[in-house]
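A short worksheet on the structure shown next.
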Amino acid sequence: VQLQASGGGLVQAGGSLRLSCAVSGTIFSIYGMGWYRQAPGKQHELVASITSSGSTNYADSVKGRLTITRDNATKMVYLEMNSLKPEDTAVYYCNRVANSGSPWYWGQGTLVTVSS
Numbered sequence: 081v082q083l084q085a086s087g088g089g090l091v092q093a094g095g096s097l098r099l100s101c102a103v104s105g106t107i108f109s110i111y112g113m114g115w116y117r118q119a120p121g122k123q124h125e126l127v128a129s130i131t132s133s134g135s136t137n138y139a140d141s142v143k144g145r146l147t148i149t150r151d152n153a154t155k156m157v158y159l160e161m162n163s164l165k166p167e168d169t170a171v172y173y174c175n176r177v178a179n180s181g182s183p184w185y186w187g188q189g190t191l192v193t194v195s196s
C-alpha cells in the first residue's frame, strides 16, 4: 500500500490549506481513514477520521476548523484546514484508522507550518 500526502506549506495564522492523500495498492472503500499529525518529538495524533460510509469524527483541538472528506472512486482522502493556528504545525499523514487494522507504512507526509 502506498500513501501519498500533499498540499502542505507555510501559512499565516488564520489561513487555510487543503491536504490531499492518494491511496494505492489496496481496496480503499472498505477502510475507515484518518488524518494524523506528528509534531517534533511527539507521536502520531489522530485529528480527523472518516468511516467507509462517510461518518466523520474530529479531535477536540480541531473541531470546527478541519473537515475530512473522501472519494472512494479515486481513492483520495482530503483535509480542509481553516482558521489555522501555530499549534497545528506538524507533518500530516493519512492512514487507515485503528479499527480498520494496523497502520500501513506512513510515507513521508506533508509538512504544515503555521506562523504567528
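Residue numbers (this note's numbering): 81 to 196.
Each residue gets a CB set at the ideal place from its N, CA and C atoms; glycine is no exception.
Do you know offhand how far residue i's Cα is from residue j's?
i	j	result
V103	P183	13 Å
G89	L97	8 Å
G94	K165	6 Å
Y111	N179	9 Å
V192	S129	18 Å
M113	N162	20 Å
V127	T154	22 Å
T149	V91	22 Å
Q118	Y158	17 Å
T131	S195	32 Å
T169	S133	29 Å
R176	Y116	10 Å
D140	E125	12 Å
S135	G121	31 Å
G144	Y138	9 Å
Given 7 Å as the limit, tell me if residue i has its C-beta closer than that to any heavy atom belonging to the ligand MG.
i	result
D168	The ligand MG is absent from the structure shown, which contains no ligand whatsoever.
In the DSSP assignment, what residue or residues form a beta bridge with residue i?
i	result
N179	Answer is none; N179 lacks a bridge partner.
When we look at the beta-carbon of residue i and count the other beta-carbons within 10 Å, is it buried (16 or more) or exposed?
i	result
Y172	buried
G181	exposed
Go through its chain and collect everything with a Cβ distance to residue i's Cβ below 6 Å, but skip five positions before and after it.
i	result
Q82	S104, G105
At which residue ranges does the stretch 84–155 contain complete alpha helix (DSSP H) runs of 4 or more residues, listed in the order of the chain? Segments of the alpha helix (DSSP H) lying fully in the stretch 84–155: there are none.
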